[in-house]
Structures are given as C-alpha cells and as structure tokens.
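full-length UniProt numbering puts the first residue of the sequence shown at 1, with every later residue one more than the last.
C-beta atoms are modelled at their ideal positions from N, C-alpha and C, and glycine is treated no differently.
Small disclaimer: the values here were computed from a predicted structure and weren't measured.
Below is one structure, written out as structure tokens; comments come after it.
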Amino acid sequence: MKSFKIGSRTIGPDAPPFIIAEMSGNHNQSLDQALRIVEAAAKAGAHALKLQTYTADTMTLDIAEGEFFIKDPNSLWAGTSLYALYEQAHTPWEWHAPIFARAKELGLLAFSTPFDETAVEFLESLDVPAYKIASFENTDIPLIRKVAATGKPMIISTGMASIAELDHSVRAARAAGCKDLVLLKCTSTYPATPANSHVRTIPHMAGLFGCQVGLSDHTMGVGVSVAAVAMGATVIEKHFTLDRADGGVDASFSLEPAEMGSLVIETERAWQGMGHVQYGATEAEQKSLQYRRSLYVVRDIAEGEAFTPDNIRAIRPGLGLAPKHIYAVLGRKARHALKCGTALSWDGVG
1 MKSFKIGSRT IGPDAPPFII AEMSGNHNQS LDQALRIVEA AAKAGAHALK LQTYTADTMT
61 LDIAEGEFFI KDPNSLWAGT SLYALYEQAH TPWEWHAPIF ARAKELGLLA FSTPFDETAV
121 EFLESLDVPA YKIASFENTD IPLIRKVAAT GKPMIISTGM ASIAELDHSV RAARAAGCKD
181 LVLLKCTSTY PATPANSHVR TIPHMAGLFG CQVGLSDHTM GVGVSVAAVA MGATVIEKHF
241 TLDRADGGVD ASFSLEPAEM GSLVIETERA WQGMGHVQYG ATEAEQKSLQ YRRSLYVVRD
301 IAEGEAFTPD NIRAIRPGLG LAPKHIYAVL GRKARHALKC GTALSWDGVG
C-alpha cells in the first residue's frame, strides 16, 4: 500500500486525506456557475476538482420508455428518461479546458471520470493527472484497460461490486499498466445513509487488494467521511454545489461550501488523531506529570511521629511519592520533623 503522488499531492497514510470535490452536473448547464463552483471548492480547501466526461449519446439511447425511463418513485430522477437525465447532467466537452485552467490557477488538481474510450482520448489531450472510474462502470473491463494504459493513477469506486468483480477489475487495471490505484468504498444510492455505508470495509479492502482505499461518500454531512479516515481512508470524494437550493441533478446530496470546508478540516483532524500506538506521557505531556496526585504532609509531623491518614494524604501536585506507596508508609515513623505542605519522600520515612 505504498504512497504515490497525483500531481504534487501525496496519496497515502503518511499524508492528510486527499479531498475531491465532485462537480457532476451541479453546474446546471452554466459555464459561469461551473467556474464559480471551482472557485468555491478552492476557497473551501478541497485538494481536487473532478468532472464527469460523457455525452448522452455515449451513455445510453434516446428512448423514453421501458428500461430507458426512470419509473422508481423513490428515485431523485423519477419521471425522466436516462437520455434526458444525461443531457441535463453532462459537462460540455468544450468547458473542460477552461474549468481545468481555472482550477490550476487556484491550486486545485483537476481530473475527470471518463465513461467511454473517446472520453479517455479527449482527457488525455488535456493531460489530466489521474482518472476516476465510476461505480456503475467498475465492471467495464475495456474502459478500465483503456484508462490503465495511460499509466496514470486510477481511482475506482466499488459501489455494488462483489469481491470477485473487484478482483477482476483490479487485475485488469494492473495488467494493463496501472501502478497507482485507489479503491473507493461507495454505496450507490443517492443519498446514501450512514447505516448503509459500512466503512469497516475499508481496511478489509486494503488488505485484500494491497492498495490505497478511500470513500466516495453520498451521505449528508461529514460524519461518515471522518469515520472513514479513522478506518484508514486516504481519499474522500464528495459531491459539491454552491447551494443545494440551486437544484442541480446531484445537489440534494452535495456539500455546500461551508460544509466542504468542515470536511477538509475534520478529516485532517481525524487523520492527525490516528497517530500511532502510544502509551505513557508524550513529550507534550511531560509538564502535566507534575499535576498528578502524590503523597503530601497535610499536617505538621514531629520527628518520630507515626504516619496516619490524618497527617499524610494523596493530593495534587505530583512531586511526592506516588499514591500507591501510602500502604508502605502508614504506621511508620517520621525520621525528622515535616512541615504541612511537604512533598513526602523516602528520606523522611523511618
């Protein structure tokens, strides 16, 4: 599970989690809005911006009935055809260059999810630094091979895929030239629920496939992403919009700018908090040791007087004998007079 770089950014357990803001179709077919989303992602502290590269014709057929029509009343996109949905959601290919240029100006890495081989060829002409494979395409072996042959880092969402399917996809990617791979645990429901996110899968998946693992998070809020980082996620992807009220195709389960800022901050805190196995006082805690309890004289004691619970007690600070020694001290006699407030040491115990 070696670390690697996408652009100048290290991906791996020795670096803060890599946060990807997914624009998807939240631009609402406005280039101006798309560019404002880029600017908001950069301002919120995201590390990368991701597009989706397809056209309605490369995704499906222009048929508005049968299996090409979304009838599920619980779907966000109920009552529309697949073709009409992709027409609404796609990012025009001529927008990619200005969007990528704006991202670069603002210090954001920018790449995309291709949905067919023509999209890969187009994105190669723009010299993207990495590629994403969507959950619904993670069994499209020809597409995976095409992307892997570029030699660039690949991120594959795992939603719905069985272990056997993932094994096939990972083997295909590696055989075709992929050296740097991230699998993203993903639940392909929109939105997803925390209870259906199963982030305990992350370390298991890392062990099975020997690669970096992250999370493509469709839940509301940032809690599941923070939990994923605590489970070892090195990449977090979240859909992003300027305002859910804008009504983009994925807006209802997208983060707004303040939430994206929180995601960046809280996932890095989670990564920092993981640390390593640690017992005993850290270097930063050394000064705090003095505020532990220890044995002190709490009433003046004359030379030869016996130590009792009335004249010695465990109190703060911690400059005397440890409290555990009280059993060895009680009943013994003072070697010399001890004033109230004296930290007890073995020198004073006869």
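For residue i, does the three-state DSSP call read helix, strand or coil?
i	result
Val249	coil
residue 434	Since the first residue shown for the chain is 1 and the last is 350, residue 434 is missing from the structure and cannot be characterised.
Ser288	helix
Gly159	coil
Tyr296	strand
Leu255	strand
Asp116	coil
Ser216	strand
Leu35	helix
Phe69	strand
Gln88	helix
With DSSP as the reference, please indicate the residues paired to residue i in a beta bridge.
i	result
Met260	The partner list for Met260 (beta bridge, DSSP) is empty, contrary to what the question assumes.
Ala164	Beta-bridge pairing links Ala164 to no other residue.
Met154	Tyr131 and Leu181
Gln52	Thr113
Phe4	Ile11
From the options, pick the residue whose C-alpha is nearest to that of residue i; which is it?
i	options	result
His27	Met1, Ser254 and Ala46	Ser254
Asp180	Trp77, Tyr131, Val329 and His96	Tyr131
Leu249	His47, Gly273 and Glu87	The sequence as given places Val at residue 249; Leu does not occur at that position. Answer by Cα proximity: Glu87.
His325	Asp310, Arg335, Ala302 and Val349	Val349
Glu155	Glu117, Ala101 and Thr234	Contrary to the premise, residue 155 reads as Ile rather than Glu in this sequence. That would be Thr234, whose Cα lies nearest to the Cα of Ile155.
Ala64	Glu266, Thr282 and Leu85	Leu85
Ile141	Thr118, Ala176 and Tyr83	Ala176
Lys185	Cys178, Ala192 and Ser157	Ser157
Asp96	Ala78, Leu242 and Asp127	The residue asked about is misnamed: residue 96 is His in this sequence, not Asp. Taking only the C-alpha atoms, the option nearest His96 is Asp127.
Out of curiosity, what's the CA-to-CA distance linking residue i and residue j?
i	j	result
Lys104	Ala110	7 Å
Phe307	Val264	58 Å
Arg200	Glu237	17 Å
Asp246	Arg293	59 Å
Arg171	Ile6	21 Å
Asp310	Ser288	27 Å
Gly159	Asp217	11 Å
Phe209	Gln33	39 Å
Gly25	Val277	43 Å
Gly275	Met231	12 Å
Ser197	Ile99	31 Å
Thr150	Phe18	22 Å
Trp346	Glu283	28 Å
Do residue i and residue j have their CB atoms nearer than 8 Å?
i	j	result
Pro114	Thr53	yes
Val182	Val213	yes
Glu22	Leu106	no
Glu259	Val229	no
Ala173	Ile144	yes
Phe68	Thr80	no
Ile312	Val329	yes
Lys339	Gly304	no
Ala41	Leu123	no
If we define contact as Cβ-Cβ less than 8 Å, is residue i a contact residue for chain D?
i	result
Met1	Judged by its chain identifiers, the structure shown contains no chain D, having just a single protein chain.
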